[in-house]
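Position 476 of the sequence shown, counted from 1, bears residue number 663 in my numbering, the numbering being contiguous throughout.
Think of the CB as a built atom: it goes at the ideal place given N, C-alpha and C, for glycine as much as any other residue.
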Amino acid sequence: MTKVEDIKGEPQKFDPTFKGPIKDRGCTDIICCLLFIIFVLGMVAVSILGNPKLLLYPTDSDGNLCGYKSATRDLSDKPYLFYFDMLACAKVGAGISLSSLVSLGCPTTQICVEHCPRKAWSWIGQYTKEKFGGSKSGRSDMICKIPKDNNFYKQVCVEKCPSKYWAWPVQYGKEKINSNDKSGRSDMICHYSIGGNTGDARLTNDDVKTLVENENCAPYYVKSEPLIGRCIPSIFGAIKDKAATIVGDGQAMADAANNTVTYGYLEKGSKYLALFLSAKEYGVKIYQDVRASWWLILVGLGLAMLLSFIWIVLMRWLAGVIVWLTILLFVGLFGFATGYCGYRYWQMKDDPEHEGSLEFSTNLSYYTNLSKTWLALAIIAGIFLLIILILLIFLRSRIRIAISLIKASSRAIGNMVFTLFWPIIPFLLQLCLFGFWIAAALFLATMGSAKYAGATFNGSQFDDVTKEYTVKIQEAVGCNSSATGAREKACHFLGYTEQYTVYLQFFMLFMLFWVMNFIIALGQMTLAGSFASYYWAFNKPSDIPAFPVTGSLLRTLRYHVGTLAFGSLIIAIIQIIRVFLEYLDHKLKGKENAVAKFFLCCLKCFFWCLEKFMKFINKNAYILCAIYGKNFCISAKNAFFLIMRNVVRVVVVDKVTDFVMFIGKLVIVAAVAIGSFFVLSGDLAKLDIPLASNIPTNKNVQFVPMIIIIIGSYVIAAAFFSVYSMAVDTLFLCFLEDLERHDGTPEKPYYMSKDLMDILGKKNKMPKEKK
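#1: Just confirm the distance between the C-beta atoms of L961 and S863, as a whole number of angstroms; I'd bet it's less than 8 Å.
#2: Based on the DSSP output, what are the partners of F269 in its beta bridges?
#3: How would you write the range of the alpha helix (DSSP H) that L414 sits in, first residue to last?
#4: Can you tell me whether H773 is buried or exposed, with buried defined as 16 or more other CB within 10 angstroms of its CB?
#5: Buried or exposed: which applies to T960, given that a residue is buried once 16 or more other Cβ atoms fall within 10 Å of its Cβ?
#6: In the DSSP output, what is C418 paired with across the bridge?
#7: If you draw a straight line from the alpha carbon of D436 to that of S480, how long is it in whole angstroms?
#8: Roughly how many angstroms separate the alpha carbons of A857 and I895, rounded to a whole number?
#9: Going by DSSP, name the residue or residues bridged to T246.
#10: Considering only the alpha carbon of each residue, which of V409, V477 and E924 lies closest to Y722?
#11: Grouping DSSP H, G and I as helix and E and B as strand, with all else coil, what is A783?
#12: Under a Cβ-count criterion, where at least 16 other Cβ atoms within 10 Å of its own Cβ denotes burial, should K952 be classed as buried or exposed?
#13: I need the boundaries of the alpha helix (DSSP H) containing I723, first residue and last residue.
#14: Pick helix, strand or coil for S263, following the three-state DSSP scheme.
#15: Can the beta-carbon of A759 be found less than 7 Å from the beta-carbon of S495?
#16: For K952, which of helix, strand or coil comes out of DSSP?
#17: Roughly how many whole angstroms lie between the Cα atoms of A626 and S234?
#18: Taking 7 Å as the cut-off, decide whether the C-beta atoms of G522 and L572 are in contact.
#19: If I follow the unbroken alpha helix (DSSP H) through S558, where does it start and stop?
#20: Leaving aside the five residues before and after I764 along the sequence, list all residues of the same chain whose C-beta is less than 7 Å from its C-beta, in chain order.
#21: Rank D537, I497 and K776 by C-alpha distance to the C-alpha of L607 and give the top, closest one.
#22: Measure from the alpha carbon of N825 to the alpha carbon of each residue in I810, V837 and V839, then state which is nearest.
#23: What separation, rounded to the nearest whole angstrom, lies between the Cα atoms of M712 and L620?
#24: Rounded to the nearest angstrom, what separates F517 and I484 at their Cα positions?
#25: How do the region 909–925 and the region 827–837 stand: do at least 3 beta-carbon pairs fall below 8 Å, yes or no?
#26: Are the Cβ atoms of W261 and V891 separated by less than 7 Å?
#27: Give a yes or no on whether the C-beta atoms belonging to I761 and L797 are separated by under 7 Å.
#28: Using only the heavy atoms of the ligand MG, determine whether one of them is closer than 6 Å to the beta carbon of E798.
#29: The alpha helix (DSSP H) that contains F734, what's its start and end?
#30: With respect to the alpha helix (DSSP H) encompassing G519, which residues constitute its N-terminal and C-terminal limits?
#31: In chain order, what residues of the same chain have a beta carbon less than 7 Å from the beta carbon of F205, not counting five sequence neighbours either side?
#32: Does V604 pass the burial test, meaning 16 or more other C-beta atoms within 10 Å, or should it be called exposed?
#33: Assign G622 to one of two classes, buried (16 or more other C-beta atoms within 10 Å of its C-beta) or exposed (fewer than that).
#34: Near T513, what residues of its chain come up, given a Cβ to Cβ distance below 6 Å and the 5 sequence neighbours on each side ignored?
#35: Would D216 be called buried (16 or more neighbouring beta carbons within 10 Å of its own) or exposed?
#36: Tell me where the alpha helix (DSSP H) around C619 begins and ends.
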């Protein structure tokens with residue numbers, strides 16, 4: 188063999204027994220099949236680990252689930268999580284991730300309560316009342332925590348979120364002014380064994396300031412609402428002056444360090460948590476709009492499906508018009524550009540005012556006033572015009588082949604209409620897989636053991652920056668949750684350690700890629716077998732086998748699961764490498780030198796190109812496997828050699844098909860988008876036509892139903908045209924095989940359509956007795 192023959196391989200030889208997808212075949216790539224089954228079983232086994240309750244319900248500073256009874260404490264009547272000091276979120280918010288805020292809220296004492304506060308309260312008022320009035324009755328409003336061996340936990344569970352305002356300075360002031368007036372203590376929110384009906388003497392005997400400073404009780408609270416089990420202040424929407432001081436019981440509210448609490452500070456402290464309130468509000472509006480416009484959305488999606496089907500059916504007549512009209516438009520466009528730019532240069536070339544050298548300028552008129560600009564544009568447009576004309580002259584027959592294959596694909600789909608609905612099955616499988624993977628990832632996030640951290644300092648002694656870094660040190664150092672220590676020793680629940688879960692998450696991500704690509708491969712091979720059955724039917728449509736899609740699916744599942752697993756494994760490995768490179772790029776951002784950045788960029792580009800190339804090879808390998816029943820490596824090799832022997836035809840057909848499908852998607856999505864805008868904007872409701880009065884006009888988020896319709900239309904159009912693309916690719920490879928196997932004689936007749944034979948100047952010679 189010559190070097191060229193080594194690259195292109197040997198053409199297929201005539202086989203008199205070959206009549207399309209062979210029936211006598213065996214199982215392929217069995218080892219890959221077994222490996223895939225083992226990994227899928229491992230994926231299922233890993234997915235059942237973890238405790239979903241840890242994600243669904245909030246956790247207090249002791250690691251207890253609010254609303255649940257544990258071995259150490261019964262919190263079944265306290266489903267809401269209350270934050271002692273919301274300002275703590277503002278002080279270290281920059282150093283805390285959103286995921287940490289979801290699970291822990293912010294670095295402050297947190298307990299479970301029966302309901303959220305319904306009013307405002309501050310320790311100053313109670314302190315003043317007790318100092319000068321002597322009453323401690325107000326301490327019943329305090330939310331306090333339970334000490335354990337002199338440790339001070341950061342979160343406790345409560346029965347409900349606060350429903351009013353309270354601040355420790357108010358209670359503190361009341362008690363200091365009147366030592367016999369402690370009635371305000373009924374409003375305090377304290378730890379479990381101190382608050383409520385526990386009878387703990389500290390709630391009535393200890394100084395309210397001491398209770399707050401020791402973090403046994405909350406220094407203040409405001410009216411709150413429960414959101415995802417957490418008590419979130421509900422005052423921001425009605426407050427215009429964010430700098431205004433919050434007042435409770437007639438006293439300015441203050442935190443444990445006696446810092447004045449303003450609406451602005453409180454909003455800043457809960458801004459991450461407040462995002463959920465905004466999300467909830469928008470979510471409700473979106474739900475209302477979707478609920479009111481659901482029938483319009485279904486009509487829009489149904490219209491997209493109808494237009495896609497009509498477009499594919501019409502492609503047997505429109506394909507040639509679209510392609511040739513586009514080519515003529517390009518020729519006319521560049522021809523006009525060349526002539527116009529040349530004419531402008533001819534006008535300016537002898538005028539001294541239009542002479543000068545090309546220099547950089549942000550003024551466009553500077554360039555349009557130079558004759559050299561128009562000369563350069565004329566040359567560029569002329570080059571493009573020349574390229575298009577050369578391609579048109581030398582590739583016109585291949586363009587005609589591409590158009591004929593597009594028409595043949597339209598006829599094939601018309602004879603096997605179920606192929607248009609086949610993408611629904613892979614889509615549902617992918618949707619179920621993605622939902623399963625999300626649930627498994629959430630389960631794995633709760634596998635670790637409880638993690639605590641502490642520090643021997645009083646937070647009020649440090650500035651905000653010191654506190655931020657001290658919190659980070661706390662997380663790194665850790666502590667013993669059951670140990671004893673000094674009064675300032677704080678040991679609080681941080682979350683759950685990752686341990687080996689990071690490796691399981693990596694495994695689950697890899698399996699997501701593998702199984703997702705397996706489902707795509709299953710859809711491709713099933714359609715390839717169906718369209719191959721159509722092409723190799725000599726007398727169409729009478730020779731097309733019954734239920735070609737079902738037969739192809741059963742054949743694929745029975746014999747070629749291993750081949751699908753092999754091809755999808757290659758893509759999954761490349762994709763996981765690309766994810767690792769992206770992760771590495773994110774970690775090294777701003778730290779790597781220019782050389783490392785260059786090589787990392789080259790690697791990312793290389794694996795992107797490799798993925799595209801392997802997807803192309805896999806797709807053609809699945810087509811030949813569906814026809815001949817060979818394993819992945821042999822099918823990929825034969826497909827590659829077949830393509831190399833017809834590389835120019837492959838490029839032309841691929842690009843022409845891509846262009847035609849792009850035009851189809853653009854037309855369908857644009858038509859549905861314009862129609863949905865006309866309807867949802869209210870213009871149609873003004874017309875006196877049936878059902879126009881049922882169109883909702885008072886929508887909160889008007890663009891949401893339209894976005895849903897547009898995205899859904901694109902997905903539907905892409906699904907329909909993916910079938911079309913697979914039909915073109917399958918028929919094209921069958922066409923190339925047909926050319927190599929047959930010569931048009933009665934013993935070796937062509938299976939291609941008459942249009943293709945006319946383009947190539949070929950025809951089938953009939954036997955003499957049939958003349």
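To lay it out plainly:
#1: Here the chain has residues from 188 to 958 only, and residue 961 is not among them.
#2: I298, per the DSSP bridge assignment.
#3: Where L414 is concerned, there is no enclosing alpha helix (DSSP H), although the beta strand (DSSP E) it sits in stretches over S411 to L414.
#4: Counting Cβ neighbours within 10 Å, H773 comes out exposed, since fewer than 16 surround it.
#5: Nothing can be reported for residue 960, as the shown portion of the chain is limited to 188 through 958.
#6: P413
#7: With a pLDDT of only 44 at D436, under 50, the local geometry of the prediction cannot be trusted, and no value is derived from it.
#8: 14 Å
#9: L252
#10: E924
#11: The three-state secondary structure of A783, taken from DSSP, is helix.
#12: exposed
#13: According to the sequence as given, residue 723 is Trp; it is not Ile. For W723, no alpha helix (DSSP H) encloses it, and the DSSP letter there is neither H nor E.
#14: coil
#15: no
#16: coil
#17: Per the coordinates, the alpha-carbon of A626 lies some 8 Å from the alpha-carbon of S234.
#18: In contact: G522 and L572 (Cβ atoms closer than 7 Å).
#19: S558 to N602
#20: F794
#21: I497
#22: I810
#23: 20 Å
#24: 37 Å
#25: yes
#26: The amino acid occupying residue 261 in the given sequence is Asp; Trp does not appear at that position. Contact: no.
#27: Their beta carbons are under 7 Å apart, which means I761 touches L797 by this criterion.
#28: The ligand MG is absent from the structure shown, which contains no ligands of any kind.
#29: That residue, F734, is in no alpha helix (DSSP H); it is neither H nor E in DSSP.
#30: Element bounds for G519: W481 to M535.
#31: none
#32: exposed
#33: By the 10 Å Cβ count, G622 comes out exposed.
#34: none
#35: buried
#36: C619 -> alpha helix (DSSP H) spans I611 to L631.
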